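Reviewing the structure listed below.
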Amino acid sequence: MSTGALKYHERTKHSPRSVREGSTGLNFDNKPRPYKAYVDLPSIPLAERIRPPQQPALSAIAEPTPDGDSRYGRDPDRETVTTLCYYAAGITKAIELRNRTKLFRAAATTGALYHVDLYVVCGDLEGSGDGSSGDPDLDLEAGVYHFDPRTCSLDVLREGDHRGVLAAASEYEAVAEAPLSIVATSTWWRNAWKYETRTVRHAFWDSGTTLANLLAVAHALDYRADVVTGFADRPVADLLGVDPEREAPLEIVPIGADAPVPSSAAADIDPIDPATEPLSPNEREFPLIHEAWQAGTLEDGTAVASWRAGGPTGNRTIGTRDPGDGERVPLEPVDHDRSSSRPLHRTIRRRGSCREYEREPISFRQLSTVLDRAVRGVPMDVRGGGERSETGADPPLSFVDPYLIVNGVDGLESGSYHYHPDAGELERLQSGEFRREASHLALDQRLGGDAAVCVYFLTDLEDIVDALGDRGYRAAQLEAALTAGRLYLGTYAHRTLGGTGLTFYDDVATDFFAPRAVRQTPMFLYTIGRPA
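1 is the number of the first residue of the sequence shown in UniProt numbering; add one for each residue after it.
The following block contains the structure:
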(Lines of atoms letter the chains of each structure in order from A; the text may use other names.)
(Lines give C-alpha, C1' and ligand atoms only; values in the text may rest on other atoms or scores of the structure.)
Protein backbone atom coordinates (compact mmCIF):
# COMPACT_ATOMS: atom_id res chain seq x y z
CA MET A 1 0.00 0.00 0.00
CA SER A 2 1.33 3.42 -0.94
CA THR A 3 1.61 5.83 1.95
CA GLY A 4 2.34 9.17 0.30
CA ALA A 5 -1.18 10.55 0.62
CA LEU A 6 -1.68 9.10 4.10
CA LYS A 7 1.57 10.59 5.38
CA TYR A 8 0.79 13.95 3.81
CA HIS A 9 -2.70 14.03 5.33
CA GLU A 10 -1.38 13.06 8.76
CA ARG A 11 1.38 15.68 8.66
CA THR A 12 -1.04 18.46 7.69
CA LYS A 13 -3.75 17.77 10.25
CA HIS A 14 -4.85 20.59 12.51
CA SER A 15 -5.05 20.01 16.25
CA PRO A 16 -5.46 22.55 19.07
CA ARG A 17 -1.76 22.12 19.83
CA SER A 18 -0.54 22.42 16.21
CA VAL A 19 -2.58 25.58 15.65
CA ARG A 20 -1.41 27.09 18.94
CA GLU A 21 2.25 26.34 18.28
CA GLY A 22 2.31 26.73 14.52
CA SER A 23 0.83 30.17 13.97
CA THR A 24 3.25 32.65 12.41
CA GLY A 25 2.84 36.18 11.20
CA LEU A 26 2.24 36.88 7.51
CA ASN A 27 4.65 39.00 5.49
CA PHE A 28 2.28 41.17 3.50
CA ASP A 29 5.19 42.76 1.64
CA ASN A 30 5.80 39.33 0.14
CA LYS A 31 2.15 38.43 -0.54
CA PRO A 32 1.85 36.92 -4.03
CA ARG A 33 -0.35 38.51 -6.64
CA PRO A 34 -3.62 36.55 -7.15
CA TYR A 35 -3.19 36.45 -10.94
CA LYS A 36 -0.91 34.83 -13.44
CA ALA A 37 0.49 37.58 -15.67
CA TYR A 38 2.36 36.65 -18.85
CA VAL A 39 5.08 39.04 -19.98
CA ASP A 40 4.36 39.26 -23.71
CA LEU A 41 1.63 37.04 -25.11
CA PRO A 42 -1.16 38.00 -27.51
CA SER A 43 -4.63 37.92 -25.98
CA ILE A 44 -8.24 37.72 -27.13
CA PRO A 45 -10.81 39.91 -25.34
CA LEU A 46 -13.93 38.21 -24.02
CA ALA A 47 -15.73 40.79 -21.87
CA GLU A 48 -18.22 41.70 -24.60
CA ARG A 49 -19.42 38.12 -24.79
CA ILE A 50 -20.75 37.19 -21.34
CA ARG A 51 -24.08 35.36 -21.67
CA PRO A 52 -25.72 35.08 -18.22
CA PRO A 53 -27.11 31.56 -17.66
CA GLN A 54 -30.79 31.99 -16.83
CA GLN A 55 -31.64 28.52 -15.51
CA PRO A 56 -32.53 28.52 -11.79
CA ALA A 57 -29.47 27.67 -9.73
CA LEU A 58 -31.27 24.88 -7.87
CA SER A 59 -32.05 23.19 -11.18
CA ALA A 60 -28.55 23.65 -12.58
CA ILE A 61 -26.82 21.99 -9.61
CA ALA A 62 -29.29 19.10 -9.52
CA GLU A 63 -29.08 18.19 -13.20
CA PRO A 64 -26.93 15.25 -14.26
CA THR A 65 -24.67 16.00 -17.17
CA PRO A 66 -26.76 16.37 -20.38
CA ASP A 67 -26.21 14.06 -23.31
CA GLY A 68 -24.89 16.73 -25.63
CA ASP A 69 -26.95 19.04 -27.81
CA SER A 70 -27.36 22.60 -26.54
CA ARG A 71 -30.86 23.92 -26.05
CA TYR A 72 -29.57 27.13 -27.61
CA GLY A 73 -29.26 25.31 -30.94
CA ARG A 74 -25.56 25.86 -31.46
CA ASP A 75 -22.19 24.34 -30.83
CA PRO A 76 -19.81 25.87 -28.26
CA ASP A 77 -18.27 29.14 -29.44
CA ARG A 78 -16.35 32.10 -28.02
CA GLU A 79 -19.45 33.21 -26.13
CA THR A 80 -19.70 29.79 -24.51
CA VAL A 81 -16.05 29.92 -23.43
CA THR A 82 -16.57 33.40 -22.01
CA THR A 83 -19.62 32.41 -19.99
CA LEU A 84 -17.99 29.26 -18.64
CA CYS A 85 -14.76 30.94 -17.58
CA TYR A 86 -16.32 34.12 -16.19
CA TYR A 87 -18.89 32.41 -13.97
CA ALA A 88 -16.32 29.86 -12.75
CA ALA A 89 -13.30 32.09 -12.11
CA GLY A 90 -14.08 35.65 -13.18
CA ILE A 91 -14.29 38.80 -11.05
CA THR A 92 -17.95 39.15 -10.12
CA LYS A 93 -17.94 41.91 -7.52
CA ALA A 94 -15.83 44.74 -6.11
CA ILE A 95 -16.23 45.93 -2.51
CA GLU A 96 -14.68 49.02 -0.92
CA LEU A 97 -12.88 48.09 2.30
CA ARG A 98 -10.75 50.55 4.27
CA ASN A 99 -10.25 52.89 1.30
CA ARG A 100 -9.24 50.12 -1.05
CA THR A 101 -11.12 48.03 -3.55
CA LYS A 102 -11.25 44.28 -2.94
CA LEU A 103 -12.12 42.12 -5.92
CA PHE A 104 -14.00 38.88 -5.44
CA ARG A 105 -14.18 35.93 -7.80
CA ALA A 106 -17.12 33.77 -8.81
CA ALA A 107 -16.17 30.80 -6.59
CA ALA A 108 -15.03 30.61 -2.98
CA THR A 109 -11.34 29.91 -2.37
CA THR A 110 -9.31 29.60 0.83
CA GLY A 111 -8.11 32.96 2.09
CA ALA A 112 -9.31 34.69 -1.11
CA LEU A 113 -5.88 33.89 -2.55
CA TYR A 114 -7.22 32.58 -5.87
CA HIS A 115 -4.49 30.12 -6.77
CA VAL A 116 -6.64 28.13 -9.25
CA ASP A 117 -6.28 29.01 -12.95
CA LEU A 118 -8.30 27.83 -15.94
CA TYR A 119 -6.92 26.89 -19.37
CA VAL A 120 -8.96 26.27 -22.53
CA VAL A 121 -7.92 23.61 -25.05
CA CYS A 122 -10.16 23.60 -28.11
CA GLY A 123 -10.61 22.86 -31.78
CA ASP A 124 -12.01 25.51 -34.09
CA LEU A 125 -15.16 26.93 -32.45
CA GLU A 126 -17.32 28.63 -35.03
CA GLY A 127 -20.07 31.08 -34.11
CA SER A 128 -23.36 29.74 -35.38
CA GLY A 129 -25.93 32.31 -34.22
CA ASP A 130 -29.27 30.53 -34.60
CA GLY A 131 -27.59 27.28 -35.55
CA SER A 132 -27.56 27.87 -39.28
CA SER A 133 -25.70 31.04 -40.31
CA GLY A 134 -22.17 31.71 -39.11
CA ASP A 135 -21.26 34.68 -36.94
CA PRO A 136 -17.51 35.34 -37.20
CA ASP A 137 -17.55 37.49 -34.07
CA LEU A 138 -18.26 34.31 -32.11
CA ASP A 139 -15.44 32.27 -33.66
CA LEU A 140 -12.50 31.03 -31.62
CA GLU A 141 -9.64 29.39 -33.48
CA ALA A 142 -8.20 26.10 -32.30
CA GLY A 143 -5.56 26.61 -29.66
CA VAL A 144 -4.46 26.47 -26.03
CA TYR A 145 -5.43 29.51 -23.97
CA HIS A 146 -5.12 30.82 -20.42
CA PHE A 147 -8.09 32.67 -18.92
CA ASP A 148 -7.07 36.01 -17.38
CA PRO A 149 -9.70 37.13 -14.83
CA ARG A 150 -8.23 40.66 -14.60
CA THR A 151 -9.16 41.54 -18.15
CA CYS A 152 -11.63 38.73 -18.95
CA SER A 153 -9.48 37.68 -21.87
CA LEU A 154 -7.66 34.63 -23.21
CA ASP A 155 -3.85 34.56 -23.36
CA VAL A 156 -2.76 32.66 -26.46
CA LEU A 157 -0.31 29.90 -25.49
CA ARG A 158 -0.46 27.68 -28.59
CA GLU A 159 -2.17 27.84 -31.95
CA GLY A 160 -3.68 24.79 -33.58
CA ASP A 161 -5.75 21.82 -32.42
CA HIS A 162 -3.96 20.12 -29.52
CA ARG A 163 -6.93 18.23 -28.09
CA GLY A 164 -5.12 15.03 -29.03
CA VAL A 165 -2.69 15.62 -26.16
CA LEU A 166 -5.54 15.60 -23.62
CA ALA A 167 -7.23 12.64 -25.29
CA ALA A 168 -4.05 10.55 -25.18
CA ALA A 169 -3.22 11.64 -21.62
CA SER A 170 -6.69 10.87 -20.24
CA GLU A 171 -7.79 7.80 -22.24
CA TYR A 172 -11.35 9.05 -21.68
CA GLU A 173 -13.98 9.08 -24.40
CA ALA A 174 -15.63 12.35 -23.30
CA VAL A 175 -12.31 14.19 -23.71
CA ALA A 176 -11.78 12.71 -27.18
CA GLU A 177 -15.31 13.79 -28.20
CA ALA A 178 -15.38 17.29 -26.69
CA PRO A 179 -14.97 20.41 -28.85
CA LEU A 180 -13.26 22.05 -25.88
CA SER A 181 -11.86 21.09 -22.51
CA ILE A 182 -11.01 23.27 -19.55
CA VAL A 183 -8.00 22.36 -17.41
CA ALA A 184 -7.75 23.60 -13.82
CA THR A 185 -4.34 24.15 -12.21
CA SER A 186 -2.99 25.33 -8.86
CA THR A 187 -0.06 27.70 -8.46
CA TRP A 188 1.25 26.48 -5.12
CA TRP A 189 2.91 29.63 -3.80
CA ARG A 190 -0.19 31.77 -4.24
CA ASN A 191 -1.85 29.69 -1.50
CA ALA A 192 1.22 28.48 0.42
CA TRP A 193 2.13 32.07 1.32
CA LYS A 194 -0.51 31.74 4.05
CA TYR A 195 -1.30 28.04 4.37
CA GLU A 196 2.11 26.49 3.69
CA THR A 197 2.04 22.70 3.33
CA ARG A 198 -1.77 22.42 3.56
CA THR A 199 -1.94 23.88 0.07
CA VAL A 200 -2.39 20.48 -1.58
CA ARG A 201 -5.62 20.07 0.36
CA HIS A 202 -6.67 23.58 -0.65
CA ALA A 203 -5.85 22.92 -4.30
CA PHE A 204 -8.66 20.39 -4.44
CA TRP A 205 -10.96 22.35 -2.11
CA ASP A 206 -10.67 25.44 -4.28
CA SER A 207 -10.69 23.73 -7.66
CA GLY A 208 -13.74 21.82 -6.41
CA THR A 209 -15.76 24.97 -5.67
CA THR A 210 -14.59 26.45 -8.98
CA LEU A 211 -15.64 23.35 -10.92
CA ALA A 212 -19.00 23.30 -9.14
CA ASN A 213 -19.69 26.64 -10.81
CA LEU A 214 -18.27 25.44 -14.11
CA LEU A 215 -20.43 22.31 -14.20
CA ALA A 216 -23.53 24.26 -13.18
CA VAL A 217 -23.00 26.77 -15.99
CA ALA A 218 -22.29 24.05 -18.56
CA HIS A 219 -25.39 22.15 -17.53
CA ALA A 220 -27.47 25.35 -17.52
CA LEU A 221 -26.41 25.84 -21.13
CA ASP A 222 -27.21 22.14 -21.71
CA TYR A 223 -23.69 21.05 -22.57
CA ARG A 224 -22.34 17.74 -21.38
CA ALA A 225 -19.57 18.24 -18.83
CA ASP A 226 -17.60 15.68 -16.81
CA VAL A 227 -14.74 16.00 -14.35
CA VAL A 228 -11.72 13.95 -15.38
CA THR A 229 -9.32 13.23 -12.52
CA GLY A 230 -7.31 10.50 -14.25
CA PHE A 231 -4.69 11.63 -16.77
CA ALA A 232 -0.97 11.45 -17.39
CA ASP A 233 0.21 14.57 -15.58
CA ARG A 234 3.43 15.47 -17.39
CA PRO A 235 1.98 15.71 -20.94
CA VAL A 236 -0.80 17.99 -19.68
CA ALA A 237 1.69 20.21 -17.82
CA ASP A 238 3.85 20.38 -20.94
CA LEU A 239 0.86 21.29 -23.07
CA LEU A 240 0.11 24.27 -20.80
CA GLY A 241 3.75 25.25 -20.44
CA VAL A 242 3.77 24.94 -16.63
CA ASP A 243 6.33 23.48 -14.22
CA PRO A 244 4.50 21.22 -11.71
CA GLU A 245 6.91 22.23 -8.95
CA ARG A 246 5.31 25.69 -9.18
CA GLU A 247 1.98 25.12 -10.96
CA ALA A 248 0.37 21.74 -11.54
CA PRO A 249 -2.66 20.47 -13.48
CA LEU A 250 -5.48 19.18 -11.28
CA GLU A 251 -8.51 18.27 -13.40
CA ILE A 252 -9.79 18.26 -16.98
CA VAL A 253 -13.40 19.19 -17.75
CA PRO A 254 -14.53 18.27 -21.28
CA ILE A 255 -17.40 20.48 -22.47
CA GLY A 256 -19.85 19.37 -25.15
CA ALA A 257 -19.84 16.29 -27.36
CA ASP A 258 -19.96 14.99 -30.93
CA ALA A 259 -16.74 16.73 -32.02
CA PRO A 260 -14.21 13.90 -32.16
CA VAL A 261 -10.57 14.82 -32.11
CA PRO A 262 -9.35 14.50 -35.72
CA SER A 263 -6.40 12.29 -36.48
CA SER A 264 -4.52 15.44 -37.47
CA ALA A 265 -4.87 16.95 -33.98
CA ALA A 266 -1.47 17.16 -32.33
CA ALA A 267 -0.70 14.39 -29.84
CA ASP A 268 2.99 15.35 -29.61
CA ILE A 269 4.11 18.88 -28.83
CA ASP A 270 7.21 21.00 -28.59
CA PRO A 271 7.90 22.41 -25.11
CA ILE A 272 7.01 25.99 -24.30
CA ASP A 273 8.07 28.12 -21.34
CA PRO A 274 6.27 31.47 -21.57
CA ALA A 275 7.68 34.18 -19.32
CA THR A 276 5.49 35.41 -16.46
CA GLU A 277 5.68 38.28 -14.00
CA PRO A 278 7.10 37.36 -10.55
CA LEU A 279 4.40 36.50 -8.04
CA SER A 280 6.16 38.23 -5.16
CA PRO A 281 9.67 39.42 -4.23
CA ASN A 282 10.60 36.12 -2.58
CA GLU A 283 8.79 32.99 -3.67
CA ARG A 284 9.21 30.22 -1.09
CA GLU A 285 9.19 26.51 -1.83
CA PHE A 286 7.61 23.79 0.30
CA PRO A 287 9.02 20.40 -0.76
CA LEU A 288 6.20 18.48 0.93
CA ILE A 289 3.69 20.07 -1.48
CA HIS A 290 5.43 18.78 -4.57
CA GLU A 291 6.16 15.41 -2.96
CA ALA A 292 2.47 14.96 -2.14
CA TRP A 293 1.42 15.94 -5.65
CA GLN A 294 4.13 13.79 -7.25
CA ALA A 295 3.04 10.74 -5.24
CA GLY A 296 -0.28 10.70 -7.08
CA THR A 297 0.97 11.21 -10.64
CA LEU A 298 0.32 8.83 -13.52
CA GLU A 299 2.81 8.21 -16.31
CA ASP A 300 0.75 7.46 -19.41
CA GLY A 301 -2.63 6.46 -20.79
CA THR A 302 -2.13 2.80 -19.91
CA ALA A 303 -1.51 3.68 -16.25
CA VAL A 304 -4.56 5.95 -16.31
CA ALA A 305 -6.87 3.21 -17.61
CA SER A 306 -5.58 0.80 -14.97
CA TRP A 307 -6.05 3.37 -12.20
CA ARG A 308 -9.56 4.25 -13.30
CA ALA A 309 -10.58 0.59 -13.37
CA GLY A 310 -10.10 0.48 -9.58
CA GLY A 311 -12.91 2.98 -9.04
CA PRO A 312 -16.32 2.16 -7.58
CA THR A 313 -18.91 0.48 -9.82
CA GLY A 314 -22.63 -0.05 -9.38
CA ASN A 315 -23.70 0.46 -5.77
CA ARG A 316 -20.15 0.05 -4.44
CA THR A 317 -18.56 2.95 -2.59
CA ILE A 318 -15.07 3.37 -1.15
CA GLY A 319 -14.30 5.03 2.16
CA THR A 320 -17.92 5.38 3.32
CA ARG A 321 -19.92 3.83 6.16
CA ASP A 322 -23.13 1.78 6.01
CA PRO A 323 -26.26 3.16 7.67
CA GLY A 324 -27.00 2.16 11.22
CA ASP A 325 -30.21 1.64 13.18
CA GLY A 326 -30.66 5.26 14.29
CA GLU A 327 -33.95 7.08 13.89
CA ARG A 328 -34.52 8.17 10.28
CA VAL A 329 -35.85 11.61 9.38
CA PRO A 330 -37.01 11.95 5.76
CA LEU A 331 -36.10 15.21 4.02
CA GLU A 332 -38.93 17.48 2.86
CA PRO A 333 -37.52 19.28 -0.19
CA VAL A 334 -39.67 21.70 -2.13
CA ASP A 335 -40.36 20.54 -5.69
CA HIS A 336 -38.89 22.42 -8.66
CA ASP A 337 -42.09 24.36 -9.37
CA ARG A 338 -42.15 25.85 -5.87
CA SER A 339 -38.45 26.19 -5.11
CA SER A 340 -36.42 29.37 -5.47
CA SER A 341 -36.20 30.48 -9.11
CA ARG A 342 -33.15 32.72 -8.63
CA PRO A 343 -31.15 32.37 -11.86
CA LEU A 344 -27.72 30.80 -11.73
CA HIS A 345 -25.91 33.99 -12.79
CA ARG A 346 -27.53 36.02 -10.01
CA THR A 347 -26.80 33.29 -7.47
CA ILE A 348 -23.12 33.26 -8.42
CA ARG A 349 -22.94 37.04 -8.15
CA ARG A 350 -24.70 36.97 -4.77
CA ARG A 351 -22.55 34.19 -3.35
CA GLY A 352 -20.16 35.19 -0.63
CA SER A 353 -18.49 33.66 2.39
CA CYS A 354 -20.59 34.55 5.41
CA ARG A 355 -18.57 36.12 8.22
CA GLU A 356 -21.30 36.28 10.88
CA TYR A 357 -24.50 34.31 11.52
CA GLU A 358 -27.59 35.27 13.46
CA ARG A 359 -28.58 32.52 15.87
CA GLU A 360 -31.92 32.30 14.12
CA PRO A 361 -33.20 28.97 12.83
CA ILE A 362 -33.59 28.12 9.18
CA SER A 363 -36.52 26.03 7.98
CA PHE A 364 -36.32 22.27 7.59
CA ARG A 365 -37.62 22.63 4.04
CA GLN A 366 -34.81 25.03 3.16
CA LEU A 367 -32.20 22.61 4.50
CA SER A 368 -33.94 19.68 2.79
CA THR A 369 -34.03 21.48 -0.55
CA VAL A 370 -30.36 22.50 -0.43
CA LEU A 371 -29.24 18.97 0.50
CA ASP A 372 -31.55 17.31 -2.02
CA ARG A 373 -30.31 19.43 -4.94
CA ALA A 374 -26.62 19.65 -4.06
CA VAL A 375 -25.72 16.17 -2.79
CA ARG A 376 -26.45 14.08 -5.87
CA GLY A 377 -22.99 12.93 -6.82
CA VAL A 378 -20.31 14.30 -9.09
CA PRO A 379 -19.90 13.22 -12.75
CA MET A 380 -16.32 12.00 -12.29
CA ASP A 381 -14.42 9.67 -14.58
CA VAL A 382 -13.33 7.40 -11.73
CA ARG A 383 -16.91 6.42 -10.87
CA GLY A 384 -18.04 3.24 -12.56
CA GLY A 385 -14.54 2.50 -13.75
CA GLY A 386 -14.94 5.29 -16.28
CA GLU A 387 -18.23 4.00 -17.71
CA ARG A 388 -21.45 6.01 -17.35
CA SER A 389 -24.25 4.12 -15.60
CA GLU A 390 -27.18 3.21 -17.84
CA THR A 391 -29.43 2.31 -14.93
CA GLY A 392 -28.91 5.23 -12.59
CA ALA A 393 -27.73 2.75 -9.97
CA ASP A 394 -24.60 4.68 -9.08
CA PRO A 395 -24.72 6.03 -5.50
CA PRO A 396 -24.95 9.82 -5.08
CA LEU A 397 -21.50 9.93 -3.44
CA SER A 398 -18.72 7.44 -4.05
CA PHE A 399 -15.98 8.41 -1.58
CA VAL A 400 -17.32 10.63 1.22
CA ASP A 401 -20.05 10.56 3.85
CA PRO A 402 -21.95 13.74 4.82
CA TYR A 403 -22.36 14.21 8.57
CA LEU A 404 -24.35 17.10 10.05
CA ILE A 405 -24.34 19.05 13.29
CA VAL A 406 -27.77 20.68 13.54
CA ASN A 407 -28.20 23.53 16.03
CA GLY A 408 -30.90 25.70 14.48
CA VAL A 409 -33.43 24.13 12.12
CA ASP A 410 -37.17 24.55 12.72
CA GLY A 411 -38.84 21.16 12.69
CA LEU A 412 -35.62 19.17 13.17
CA GLU A 413 -34.32 18.14 16.57
CA SER A 414 -30.86 19.50 17.33
CA GLY A 415 -28.13 16.91 17.28
CA SER A 416 -25.71 15.07 14.99
CA TYR A 417 -26.79 13.18 11.89
CA HIS A 418 -25.48 10.92 9.13
CA TYR A 419 -27.04 11.95 5.81
CA HIS A 420 -28.01 9.17 3.38
CA PRO A 421 -28.62 10.98 0.07
CA ASP A 422 -29.67 7.83 -1.81
CA ALA A 423 -32.63 7.47 0.58
CA GLY A 424 -33.15 11.20 1.14
CA GLU A 425 -32.98 10.66 4.90
CA LEU A 426 -31.06 11.90 7.91
CA GLU A 427 -30.09 9.28 10.49
CA ARG A 428 -29.88 10.72 13.99
CA LEU A 429 -26.66 9.81 15.80
CA GLN A 430 -26.93 12.01 18.92
CA SER A 431 -29.56 14.40 20.27
CA GLY A 432 -28.78 17.72 21.91
CA GLU A 433 -27.52 21.20 21.16
CA PHE A 434 -23.83 21.17 20.22
CA ARG A 435 -22.99 24.83 19.62
CA ARG A 436 -19.91 24.78 21.85
CA GLU A 437 -18.67 21.58 20.23
CA ALA A 438 -19.42 22.89 16.71
CA SER A 439 -17.36 25.99 17.41
CA HIS A 440 -14.47 23.94 18.84
CA LEU A 441 -14.42 21.50 15.91
CA ALA A 442 -14.23 24.44 13.48
CA LEU A 443 -10.85 25.59 14.78
CA ASP A 444 -12.55 27.35 17.72
CA GLN A 445 -14.24 29.76 15.32
CA ARG A 446 -17.48 31.30 16.52
CA LEU A 447 -19.02 30.83 13.07
CA GLY A 448 -19.17 27.07 13.61
CA GLY A 449 -21.22 27.42 16.75
CA ASP A 450 -23.47 30.17 15.38
CA ALA A 451 -24.30 28.29 12.17
CA ALA A 452 -27.66 26.59 11.93
CA VAL A 453 -26.02 23.54 10.32
CA CYS A 454 -22.44 22.30 9.89
CA VAL A 455 -21.94 19.75 7.09
CA TYR A 456 -18.80 17.60 7.36
CA PHE A 457 -17.64 15.29 4.57
CA LEU A 458 -15.59 12.36 5.92
CA THR A 459 -13.87 9.40 4.28
CA ASP A 460 -11.75 6.39 5.21
CA LEU A 461 -8.46 7.32 3.56
CA GLU A 462 -6.89 3.92 4.07
CA ASP A 463 -9.71 2.36 2.05
CA ILE A 464 -9.32 5.06 -0.62
CA VAL A 465 -5.57 4.54 -0.96
CA ASP A 466 -5.92 0.74 -0.91
CA ALA A 467 -8.25 0.93 -3.90
CA LEU A 468 -6.91 3.90 -5.87
CA GLY A 469 -3.42 4.61 -4.60
CA ASP A 470 -2.26 8.10 -3.72
CA ARG A 471 -4.23 9.65 -6.56
CA GLY A 472 -7.41 8.48 -4.83
CA TYR A 473 -6.75 11.22 -2.27
CA ARG A 474 -7.36 13.77 -5.01
CA ALA A 475 -10.67 12.13 -5.94
CA ALA A 476 -11.95 12.07 -2.35
CA GLN A 477 -10.95 15.67 -1.66
CA LEU A 478 -12.50 16.78 -4.95
CA GLU A 479 -15.80 14.96 -4.47
CA ALA A 480 -16.21 16.62 -1.08
CA ALA A 481 -15.23 20.07 -2.32
CA LEU A 482 -17.31 19.96 -5.48
CA THR A 483 -20.34 18.87 -3.48
CA ALA A 484 -19.66 21.72 -1.04
CA GLY A 485 -19.45 24.08 -4.02
CA ARG A 486 -22.94 23.00 -5.00
CA LEU A 487 -24.05 23.56 -1.41
CA TYR A 488 -22.77 27.13 -1.76
CA LEU A 489 -24.93 27.62 -4.85
CA GLY A 490 -27.94 25.92 -3.30
CA THR A 491 -27.60 28.07 -0.19
CA TYR A 492 -27.25 31.40 -1.99
CA ALA A 493 -30.17 30.58 -4.27
CA HIS A 494 -32.26 31.28 -1.14
CA ARG A 495 -32.67 34.94 -0.27
CA THR A 496 -32.44 34.43 3.52
CA LEU A 497 -29.54 31.97 3.68
CA GLY A 498 -25.77 32.32 3.71
CA GLY A 499 -22.90 29.91 4.05
CA THR A 500 -19.16 29.46 4.20
CA GLY A 501 -16.50 26.78 4.37
CA LEU A 502 -14.39 26.54 7.51
CA THR A 503 -11.21 24.78 8.60
CA PHE A 504 -11.36 22.11 11.31
CA TYR A 505 -9.51 20.02 13.84
CA ASP A 506 -9.26 16.73 11.95
CA ASP A 507 -9.15 14.12 14.69
CA VAL A 508 -11.50 16.05 16.98
CA ALA A 509 -14.13 15.94 14.23
CA THR A 510 -13.61 12.19 13.77
CA ASP A 511 -14.03 11.64 17.52
CA PHE A 512 -17.20 13.73 17.62
CA PHE A 513 -18.94 11.57 15.00
CA ALA A 514 -17.63 8.29 16.47
CA PRO A 515 -18.37 5.45 16.62
CA ARG A 516 -19.93 5.78 13.14
CA ALA A 517 -16.92 7.70 11.81
CA VAL A 518 -14.13 5.60 13.35
CA ARG A 519 -11.15 5.53 10.94
CA GLN A 520 -12.74 8.24 8.81
CA THR A 521 -11.22 11.71 8.49
CA PRO A 522 -12.81 15.01 7.39
CA MET A 523 -12.24 16.33 3.87
CA PHE A 524 -14.37 19.52 3.96
CA LEU A 525 -16.60 21.53 6.31
CA TYR A 526 -19.42 23.75 5.03
CA THR A 527 -21.75 25.77 7.24
CA ILE A 528 -25.24 27.20 6.61
CA GLY A 529 -27.23 29.82 8.52
CA ARG A 530 -28.89 33.20 8.47
CA PRO A 531 -26.38 35.97 7.71
CA ALA A 532 -26.13 38.69 10.34
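Glycine included, every Cβ here is placed at the ideal spot set by N, Cα and C. Please read all numbers here as calculations on a predicted model, not as lab measurements.
Residue i - partner residues in DSSP beta bridges
i	result
I252	V183, V228
D499	One detail in the question is off: residue 499 reads as Gly in this sequence, not Asp. DSSP output for G499 lists I528 as bridge partner(s).
K93	F104
R428	Y417
Y38	T276
M523	Paired residues: none, contrary to the question.
residue 534	No answer is possible for residue 534: the residues shown for the chain start at 1 and end at 532.
L125	L140
Distance, residue j Cα to residue i Cα
i	j	result
L487	A481	10 Å
T320	R516	10 Å
R308	E433	42 Å
E479	W205	9 Å
R100	F28	15 Å
G4	A89	30 Å
F147	G324	47 Å
V518	R150	45 Å
L140	V508	51 Å
H345	L214	12 Å
Y172	A305	8 Å
R105	D460	32 Å
A292	G230	16 Å
E383	P281	The residue asked about is misnamed: residue 383 is Arg in this sequence, not Glu. Cα-Cα distance, rounded: 43 Å.
T500	I405	15 Å
G160	I61	33 Å
G22	T12	11 Å
G301	V236	12 Å
D270	K36	22 Å
C152	G408	41 Å
L429	P52	42 Å
S70	P179	With a pLDDT of only 49 at S70, under 50, the local geometry of the prediction cannot be trusted, and no value is derived from it.
Boundaries of the beta strand (DSSP E) in which residue i is found, first to last residue
i	result
E76	Glu is not the amino acid found at residue 76; the sequence shown has Pro there. Segment: none, P76 is in no beta strand (DSSP E) and carries neither H nor E.
Y488	Looking at the DSSP string, Y488 is not in any beta strand (DSSP E); the run it does join, the alpha helix (DSSP H), is 471–492.
I405	401–406
R158	153–159
Y119	116–122
I44	43–45
Residue range of the alpha helix (DSSP H) that includes residue i
i	result
R351	Looking at the DSSP string, R351 is not in any alpha helix (DSSP H), and its letter there is neither H nor E.
V465	461–468
V144	That residue, V144, is in no alpha helix (DSSP H); its beta strand (DSSP E) goes 143–148.
P235	233–240
P287	287–295
F204	199–220
R373	364–374
Residue from the options with nearest C-alpha to residue i
i	options	result
A168	L84, I255, S263	S263
A532	C354, L367, F512, G25	C354
P254	E299, T496, G499, Y119	Y119
E177	G160, V329, D258, L211	D258
F286	R78, P260, A192	A192
Q477	M380, L331, D226	M380
H440	L525, D75, D233	L525
E247	Y114, A442, G310	Y114
I318	V261, R284, L397	L397
M523	T65, A108, V200	V200
D268	Q430, I182, G529, H162	H162
R435	D422, V370, D450	D450
heavy atom of the ligand FAD below 7 Å from residue i C-beta
i	result
D222	Although the ligand FAD was asked about, the structure shown includes no ligands whatsoever.
Closer than 8 Å to chain B by CB, residue i
i	result
K36	Looking at the structure shown, chain B is missing, and only one protein chain is on hand.
Which ranges would you report for the beta strand (DSSP E) in the UniProt region "Disordered" (306–346) if only whole runs of at least 3 residues count?
You should have 328–330.
For a minimum of 4 consecutive residues, which ranges assigned as the alpha helix (DSSP H) are wholly contained in the region 430–459?
You should have 435–441, 446–450.
Just to confirm the assignment: which complete alpha helix (DSSP H) runs, minimum length 4, are found wholly within the UniProt region "Disordered" (1–31)?
Here the runs fully enclosed are 4–11, 16–22.
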